[in-house]
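Q: According to my numbering, numbering within the first sequence proceeds without interruption in unit steps and concludes at 649.
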Amino acid sequence: MDPISDTAPSDFIRDIIADDFKTNRHEGRVATRFPPEPNGYIHIGHAKSVCLNFGIAAQYGGTCNLRMDDTDPAGESLEFVESIIQDIHWLGFDWQDRLFFASDYFEQLYAFAVELIRAGKAYVCSLDADEIREYRGSFTEPGRESPYRNRSVEENLDLFARMRAGEFADGEHVLRAKIDMASPFIVMRDPVIYRIKRAPHHRTGEAWVIYPMYDFAHCLSDALERITHSICTLEFENNRPLYDWFVDQLISWDHPRQIEFARLNVSYTVLSKRRLIELVENGHVSGWDDPRMPTVAGMRRRGYTPEAIRNFCAEIGVAKNDTVVDIALLEHCVRQDLNDRAPRTMGVLKPLKVVIDNYPEDRTETFTCPNHPQNPVLGSREVPFSRVLYIERDDFMEDPPKKYKRLGPGREVRLRNAYVIRYASHNRDAVGGEVTEVHCAIDPETRNAPPADGRKVEGVIHWLSAAHAAPAEVRLYDRLFSVPDPAAAGDDFVKFLNADSLEVLKGCFVEAGLTEAAPGARFQFERTGYFCLDEKDSRPERLVFNRIVALRDSWSKGQGKA
RNA sequence: UGGGGUGUCGUCAAGCGGUAAGACACAGGCCUUUGGAGCCUGCAUUCGGAGGUUCGAAUCCUCCCGCCCCAGCCA
Numbered sequence: 088m089d090p091i092s093d094t095a096p097s098d099f100i101r102d103i104i105a106d107d108f109k110t111n112r113h114e115g116r117v118a119t120r121f122p123p124e125p126n127g128y129i130h131i132g133h134a135k136s137v138c139l140n141f142g143i144a145a146q147y148g149g150t151c152n153l154r155m156d157d158t159d160p161a162g163e164s165l166e167f168v169e170s171i172i173q174d175i176h177w178l179g180f181d182w183q184d185r186l187f188f189a190s191d192y193f194e195q196l197y198a199f200a201v202e203l204i205r206a207g208k209a210y211v212c213s214l215d216a217d218e219i220r221e222y223r224g225s226f227t228e229p230g231r232e233s234p235y236r237n238r239s240v241e242e243n244l245d246l247f248a249r250m251r252a253g254e255f256a257d258g259e260h261v262l263r264a265k266i267d268m269a270s271p272f273i274v275m276r277d278p279v280i281y282r283i284k285r286a287p288h289h290r291t292g293e294a295w296v297i298y299p300m301y302d303f304a305h306c307l308s309d310a311l312e313r314i315t316h317s318i319c320t321l322e323f324e325n326n327r328p329l330y331d332w333f334v335d336q337l338i339s340w341d342h343p344r345q346i347e348f349a350r351l352n353v354s355y356t357v358l359s360k361r362r363l364i365e366l367v368e369n370g371h372v373s374g375w376d377d378p379r380m381p382t383v384a385g386m387r388r389r390g391y392t393p394e395a396i397r398n399f400c401a402e403i404g405v406a407k408n409d410t411v412v413d414i415a416l417l418e419h420c421v422r423q424d425l426n427d428r429a430p431r432t433m434g435v436l437k438p439l440k441v442v443i444d445n446y447p448e449d450r451t452e453t454f455t456c457p458n459h460p461q462n463p464v465l466g467s468r469e470v471p472f473s474r475v476l477y478i479e480r481d482d483f484m485e486d487p488p489k490k491y492k493r494l495g496p497g498r499e500v501r502l503r504n505a506y507v508i509r510y511a512s513h514n515r516d517a518v519g520g521e522v523t524e525v526h527c528a529i530d531p532e533t534r535n536a537p538p539a540d541g542r543k544v545e546g547v548i549h550w551l552s553a554a555h556a557a558p559a560e561v562r563l564y565d566r567l568f569s570v571p572d573p574a575a576a577g578d579d580f581v582k583f584l585n586a587d588s589l590e591v592l593k594g595c596f597v598e599a600g601l602t603e604a605a606p607g608a609r610f611q612f613e614r615t616g617y618f619c620l621d622e623k624d625s626r627p628e629r630l631v632f633n634r635i636v637a638l639r640d641s642w643s644k645g646q647g648k649a
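1) Judging by CA-CA distance, which residue of Tyr298, Glu169 and Asp302 is the nearest neighbour of Ile273?
2) Taking the C-alpha atoms as reference points, what is the distance between Asp93 and Arg609?
3) Identify the residues that DSSP records as bridge partners of Val611: which are they?
4) Residue range of the alpha helix (DSSP H) that Ile103 falls in?
5) When you compare only the Cα positions, how much space is there between Gly162 and Asn126?
6) Give the single residue among Thr382, Phe199, Asp530 and Arg263 whose Cα lies nearest to the Cα of Ile175.
7) Which residues in the same chain have their Cβ closer than 7 Å to the Cβ of Arg116, if we skip the five residues on either side of it in sequence?
8) DSSP on Phe632, reduced to helix/strand/coil?
9) Quick check: what's the CA-CA separation for Asn426 versus Asn462?
10) Between Ala604 and Leu620, how many whole angstroms is the CB-CB distance? I'm expecting something under 8 Å.
11) Grab the span of the alpha helix (DSSP H) containing Ile396 for me, first residue to last.
12) Quick check on the DSSP output: the beta strand (DSSP E) that includes Gly594 runs from which residue to which?
13) Using the beta-carbon count (16 or more within 10 Å), is Ser97 buried or exposed?
14) Please name the residue in Asp530, Ile283, His513 and Gly142 whose C-alpha comes closest to that of Val522.
15) Taking the alpha-carbon positions, what's the Pro271 to Phe323 distance?
16) What does DSSP give as the partner residues of Pro438 in its beta bridges?
17) With burial defined as no fewer than 16 other Cβ atoms inside 10 Å of the residue's Cβ, what is the status of Arg220: buried or exposed?
18) Counting Cβ pairs, one atom from each stretch, are 3 or more of them under 8 Å apart for the segment 476–486 and the segment 542–560?
19) Identify the continuous beta strand (DSSP E) that holds Leu186 and give its terminal residues.
20) Could you give the first and the last residue of the continuous beta strand (DSSP E) run that contains Pro558?
21) Looking only at its own chain, which residues have a Cβ that is under 8 Å from the Cβ of Phe583, when we skip the five neighbours before and after it?
22) Assuming contact is defined by CB atoms lying nearer than 8 Å, are Ala134 and Ile396 in contact in what I supplied?
23) How close, in whole Å, do the beta carbons of Ile171 and Ile129 come, if the pair is a contact with beta carbons under 8 Å?
24) Quick one, which of Asn398, Asp413 and Val525 has its alpha-carbon nearest Lys650's?
25) Report the rounded CA-to-CA distance for Asp640 versus Leu494, giving the unit in angstroms.
26) As an exercise, report each continuous beta strand (DSSP E) stretch of at least 3 residues that is fully enclosed by the segment 257–334, in chain order.
27) Hey, how far is the Cα of Phe187 from the Cα of Arg120?
28) Might you give, ordered along the chain, the residues of its own chain that have their beta carbon closer than 6 Å to the beta carbon of Val631, omitting 5 neighbours on each side?
29) To which residues of the same chain is Gly497 closer than 8 Å at the C-beta, ignoring the five residues directly before and after it?
30) Assuming Asp572 is part of the alpha helix (DSSP H), what are its boundary residues?
31) For Phe348, count the other beta carbons within 10 Å of its own beta carbon; 16 or more makes it buried, fewer makes it exposed. Which is it?
32) Which residues in the same chain have their Cβ closer than 6 Å to the Cβ of Glu124, if we skip the five residues on either side of it in sequence?
33) Three Cβ pairs or more, each shorter than 8 Å: is that satisfied between the segment 337–356 and the segment 365–374?
34) How many Å lie between Pro627 and Val470 at the Cα?
35) Go ahead and pull the three-state DSSP assignment for Arg344.
36) What separation, rounded to the nearest whole angstrom, lies between the Cα atoms of Pro234 and Phe99?
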């Protein structure tokens, strides 16, 4: 699929770029990048940024690099690098040979730092972390200059070289930019640009004991890659003066421009990396790819399509307002996409046995059922019918309300793609009183035809021949949290976890043909929802389905149910 | 509190001095062998508030108010 053909959105960033493009500001180039830190899996919020950066590049015939922002080995790993690569590819984007790592630039970055020292614009500071914080001042008071601020260039050069050589303990010294301790931009008060940190790096191993800070590494990495528009989220707006400062000091060529947009929030879930890590590490979910997770891996396993996610990202737009997008919009995009392409099938989640009294025990016939009622291109399949059927337990009521259009005493109902059946009797369990079996009679005239006498049969229910159906496990997923804004509870957000976010149904039945479906294949179980074969747990002999999203259901809504 | 941002329908979001797009949600109706899908209709006399400029303001000016971000050797 061509990502940019999904829709052609317009937003303030594209306006800026269109203008730069028109005025030939970067020699007519458009170069963006998506710069994740490989310390977690990417989620729907990252997907917004991925679509933005890759989408813009494609729109202008430019390039978008994938750059791992791996400047802090703590928490970063190859597992995350690999998952990020897989997830962005799956979303439908490609960076060809332009996969980069900030760690690729460590040597160059070190040289930039030396250059800054030589220019008298950086110094080695030997204050400890607490002291640096104290010296930084506050929102209302300016900071004070470090006593080490005026070390000589020679001493700074020597100390910095020895920092790199591993002569000092972690935290003993840092390299700082010499800017302005009184700046209202706190980030400009002599920011730390290198720290000593003995931690093995997933790519550079033990080669370095000093690592550059984000503010230093990011803008210069952008410049080294000749990025024209460095798009990031709003919280970096305060850092922009520093971004520009480093570039102004060290870069002689075309300067990249940082542009900030509002990060995505989605109702009934959390998107901060810290919180997602907590969900995974504390076992609240089964892993990063738990189908309830808002991660790309989770959504993929859940059965969401890349197209649906891209459409969602196009729908929500790009602006600078803090927003919380209704998760219903995401669900809408998933339904909209799946409605067009998911083949129909019948699945009985909570079976109730129905016996057709006037149908011979030894008889089986086959119905040809369209795989998509509006799209014949998807073909059809044969579905067997016999005397004993399963229907959905919810499709029978002993004492139904008047607007109920399904089966009940004295009622008749259409079996989807098959006969009209009329209620005859039903049995109940002697102990629990639960309905165990319903007896019905078919109207043989109604085999794929309306009743001959012109009477109207309103209800249509799905069914399966008991002798032919395949058993399956079905996992019903619901929103991860029970409140729209779980993050509002701060660290207590886990107390709003939705206890019913996963319901495992064991005794389900599906059409036998699904036994041959490919892992990950998506279907609509008619009248119920969209489901996919779980890629990890499903086996032909033990089918496991994930509910991707339920169908819109105006009946249960009117009944005041979920 | 100093600084940086931002306030348009329940939720996103267009609008860029000429008289409030669209989407989701919601509510009705039509249609229907998925209570699905589809279709139709309704849904901001008003743009955080108050003044002002103008023939005309969501758009320009002034003041006020709310919300978000910044005091990591995280990104």
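Using N, Cα and C, we set each Cβ at its ideal position, and we do this for glycine too.
A: Quick look at the numbers:
1) Here residue 273 refers to the residue found at position 186 of the first sequence. Among Tyr298, Glu169 and Asp302, the Cα nearest to that of Ile273 belongs to Asp302.
2) Start at 1 with the first residue of the first sequence, and residue 93 comes out as number 6. Start at 1 with the first residue of the first sequence, and residue 609 comes out as number 522. Caution applies to Asp93, whose pLDDT of 41 falls short of 50 and renders its modelled position unreliable; the value that the coordinates give is listed next. Near 21 Å, if we compare the C-alpha coordinates of Arg609 and Asp93.
3) In the first sequence, residue 611 corresponds to position 524, counting from 1. Rather than Val, the amino acid found at residue 611 in this sequence is Gln. Paired residue(s): Arg431 and Tyr617.
4) As a first step, residue 103 is located in the first sequence; it is residue number 16 there, counting from the start. It spans Phe99 to Lys109 - the alpha helix (DSSP H) in which Ile103 sits, taken as one unbroken run.
5) Translated into positions along the first sequence, residue 162 becomes position 75. Translated into positions along the first sequence, residue 126 becomes position 39. Straight-line Cα distance between these residues: approximately 5 Å.
6) Taking the first sequence and counting its residues from 1, the one referred to as residue 175 is at position 88. The shortest C-alpha separation from Ile175 is found at Thr382.
7) The residue you call residue 116 lines up with position 29 of the first sequence. Here the set comprises Gly149 and Thr315.
8) Counting from 1 along the first sequence, the entry for residue 632 is found at position 545. Correct three-state label for Phe632: strand.
9) For this step, residue 426 is matched to residue 339 along the first sequence. For this step, residue 462 is matched to residue 375 along the first sequence. Roughly 10 Å between the two C-alpha positions.
10) Position 517 of the first sequence holds residue 604. Position 533 of the first sequence holds residue 620. So it is a contact: roughly 6 Å between Cβ atoms.
11) Stepping through the first sequence from its first residue, residue 396 is reached at position 309. First-last of the alpha helix (DSSP H) with Ile396: Pro393 to Ile403.
12) For this step, residue 594 is matched to residue 507 along the first sequence. Unbroken beta strand (DSSP E) run through Gly594: Leu589 to Val597.
13) What you label residue 97 is simply residue 10 of the first sequence in a count that begins at 1. Classification of Ser97: exposed, given that the 10 Å Cβ count is below 16.
14) Here residue 522 corresponds to residue number 435 of the first sequence, with the count starting at 1. Among Asp530, Ile283, His513 and Gly142, the Cα nearest to that of Val522 belongs to His513.
15) On the first sequence, position 184 is the one that residue 271 refers to. On the first sequence, position 236 is the one that residue 323 refers to. Rounded to whole angstroms, Pro271 to Phe323 spans 15 Å at the Cα level.
16) Here residue 438 corresponds to residue number 351 of the first sequence, with the count starting at 1. According to DSSP, which records beta bridges pairwise, Pro438 is partnered with Glu479.
17) Numbered from 1 along the first sequence, position 133 holds the residue referred to as residue 220. Per the 10 Å Cβ criterion, exposed.
18) yes
19) The residue given as residue 186 occupies position 99 in the first sequence. Unbroken beta strand (DSSP E) run through Leu186: Leu186 to Phe188.
20) Locating residue 558 in the first sequence gives position 471, counting from the first residue. Taken as a continuous stretch (DSSP letters only), the beta strand (DSSP E) holding Pro558 covers Ala557 to Tyr564.
21) If you number the first sequence from 1, residue 583 lands on position 496. Here the set comprises Phe568, Ser569, Val570, Pro573 and Ala576.
22) On the first sequence, residue 134 is found 47 positions in, with the first residue counted as 1. On the first sequence, residue 396 is found 309 positions in, with the first residue counted as 1. The answer is yes: Cβ separation under 8 Å.
23) The residue given as residue 171 occupies position 84 in the first sequence. The residue given as residue 129 occupies position 42 in the first sequence. That belief holds up - the Cβ atoms of Ile171 and Ile129 are roughly 6 Å apart, short of 8 Å.
24) Residue 650 lies beyond the residue range present for the chain, which begins at 88 and ends at 649; the question has no answer from this structure.
25) Position 553 of the first sequence, counted from the first residue, corresponds to residue 640. Position 407 of the first sequence, counted from the first residue, corresponds to residue 494. Answer to the nearest angstrom: the Cα atoms are 18 Å apart.
26) 261–264, 279–283, 297–299 and 316–320
27) Stepping through the first sequence from its first residue, residue 187 is reached at position 100. Stepping through the first sequence from its first residue, residue 120 is reached at position 33. Approximately 10 Å between the Cα atoms of the pair.
28) Walking along the first sequence from the start, residue 631 turns up at place 544. Excluding five sequence positions before and after Val631, the CB atoms of its chain that fall closer than 6 Å to its own CB belong to Glu560, Asp621, Asp624 and Ser625, given in chain order.
29) Against the first sequence, residue 497 aligns to sequence position 410. For Gly497, same chain residues with a beta-carbon under 8 Å away, outside a window of 5 residues either side, are Tyr510 in chain order.
30) Working through the first sequence from its first residue, we reach residue 572 at position 485. Premise fails: Asp572 is in no alpha helix (DSSP H) and is neither H nor E.
31) On the first sequence, position 261 is the one that residue 348 refers to. Under this definition Phe348 is a buried residue.
32) Numbered from its first residue, the first sequence carries residue 124 at position 37. Here the set comprises Asp156.
33) no
34) For the purposes of this step, residue 627 is identified with residue 540 of the first sequence, where counting begins at 1. For the purposes of this step, residue 470 is identified with residue 383 of the first sequence, where counting begins at 1. Straight-line measurement puts the Cα of Val470 at about 18 Å from the Cα of Pro627.
35) Looking up residue 344 in the first sequence gives position 257. Collapsing the DSSP output to three states places Arg344 in a strand.
36) As a working note, residue 234 is residue 147 in the first sequence. As a working note, residue 99 is residue 12 in the first sequence. Those two C-alpha atoms are separated by around 45 Å.
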